[in-house]
Amino acid sequence: MIHYNIHWFESLHSTQDYLKNSFDDSLPKWTVFVAKEQIKGKGQGQNVWESEKDKNLTFSILLYPNFLQARDQFLITQILSLGIYDFLSHYLSNVFIKWPNDIYVGKNKICGILVQNQIIGMEYSTAFCGIGLNVNQTEFSFAPNPTSLKLELDRSFDLDILLEEVLDCIRIRYEQLENNLIADYKKEYMEKLLFYKVWSKYLYCDNEIMEAKIKDVDNFGRLILENRGGKEIIADLKQLKFLF
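First residue of the sequence shown: 1, per UniProt numbering; consecutive thereafter.
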C-alpha cells in the first residue's frame with residue numbers, strides 16, 4: 001500500500017503556494033500539504049477559493065509526471081478530475097466534471113482543481129496539484145452556486161478519513177496513466193463532462209451569447225464546440241463562460 005507523505009497545517013495562505021515555495025526534488029511523490037484553514041486559496045486565474053476553517057479539504061499534491069511530454073500536461077487535470085469524480089460518486093449521483101477544472105453536483109460546484117506545472121525542455125517535470133473540496137460547510141458568502149457533501153447528504157464527515165479516500169481514488173487513476181492502462185480515459189472523461197453533446201448557452205469572448213454543444217477537448221485542454229450554424233469553435237478558459 002502506498003504511503004502518502006501528508007502534512008497538516010493549522011493555517012496557510014495557500015497550500016499551493018506553500019508547496020511550490022517549499023519544493024525541492026528531495027520531496028517524495030505524493031507529498032500532500034493540507035490546511036485546516038486556507039486564507040487565500042488559489043482558484044483559476046485570479047479567483048480565490050472560499051473555505052471555512054475546519055470544514056473542508058483544501059490540499060495540494062506533489063507529483064512527478066516525467067513519463068509525459070510537456071504537450072500532454074492537461075492529462076493531469078483530466079486524471080485528477082476522474083479521480084475526484086470516482087470518489088464523489090461513492091456518495092452522490094448526478095456528479096459531473098465541468099470543463100476545465102471543476103466538479104459539480106447537478107449545476108452546483110463542490111470541488112475545484114488547480115494544476116501548476118514545471119516544464120524542463122520538453123519534459124513534464126513536476127505537477128503541483130491544488131484541490132478544494134467542500135465537505136462540511138453549509139453557508140457560503142461569495143462563492144457562486146456552491147454545494148458540499150453535508151448540504152447534499154445532511155451529515156458530517158471526518159476530514160482525515162475522507163482525505164485518504166480522495167487520495168486513493170486519485171492515485172488509482174494516476175497509476176493507470178503512469179502504466180499506460182487507461183487508453184480510453186479520454187472517452188470516459190468526455191462522457192462525464194457537464195453538457196457534453198447537449199445544447200447549452202455560453203458567453204464567448206465577453207461579447208457574444210451563443211448556443212452550442214461540446215464536441216471534444218484537445219490535447220492543450222481547449223474546449224471544442226459546435227454552434228447552431230454548424231461552425232466549430234475552439235475556446236480556452238478565458239474565452240468561454242457557462243451560462244446556467
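In this text, a Cβ means the ideal position worked out from N, Cα and C, and glycines have one as well.
Note that the structure is a prediction, hence the values are computed from the model and not measured.
query: Can you give the Cα-Cα distance for Y124 and E175, rounded to whole angstroms?
result: The alpha-carbon atoms of Y124 and E175 are separated by roughly 16 Å.
message: Quick check: what's the CA-CA separation for L19 versus G230?
response: Taking the straight line joining both Cα atoms gives about 45 Å.
query: What beta strand (DSSP E) runs, 3 residues minimum, are completely inside the stretch 82-108?
result: If only uninterrupted beta strand (DSSP E) runs of at least 3 residues are considered, those enclosed by the stretch 82-108 are 95-98, 102-105.
message: In the DSSP output, what is N5 paired with across the bridge?
response: Answer is T31, bridged to N5.
Distance, F59 Cα to K241 Cα: Cα-Cα distance, rounded: 26 Å.
field: Cα-Cα separation between Y185 and F96, rounded to whole angstroms
entry: Cα-Cα distance, rounded: 15 Å.
- request: Verify the CB distance criterion: does I6 have a CB-CB separation below 8 Å to chain B?
  value: No chain B is part of this structure, which consists of one protein chain only.
query: Between N4 and V32, what straight-line distance do the alpha-carbon atoms span, to the nearest angstrom?
result: In the sequence under discussion, the amino acid at residue 4 is Tyr, which differs from the Asn named in the question. Put simply, the backbone Cα of Y4 is about 7 Å away from that of V32.
message: Given a cut-off of 8 Å on the beta-carbon distance, is the pair I110 and S141 in contact?
response: No; because the gap between Cβ atoms is not below 8 Å, this pair is not in contact.
message: Taking the alpha helix (DSSP H) that E191 belongs to, which residues open and close that run?
response: Counting along the chain, the unbroken alpha helix (DSSP H) around E191 starts and ends at 185-191.
- request: Following the continuous alpha helix (DSSP H) through E178, name the residue where it begins and the one where it ends.
  value: Taken as a continuous stretch (DSSP letters only), the alpha helix (DSSP H) holding E178 covers 159-178.
- prompt: According to the neighbour-count rule (16 or more other Cβ atoms, all chains shown, within 10 Å of its Cβ), is L243 buried or exposed?
  reply: Counting Cβ neighbours within 10 Å, L243 comes out exposed, since fewer than 16 surround it.
message: Whole angstroms are fine: how far does the CA of E191 sit from the CA of V198?
response: For V198 and E191, the distance between alpha carbons rounds to 11 Å.
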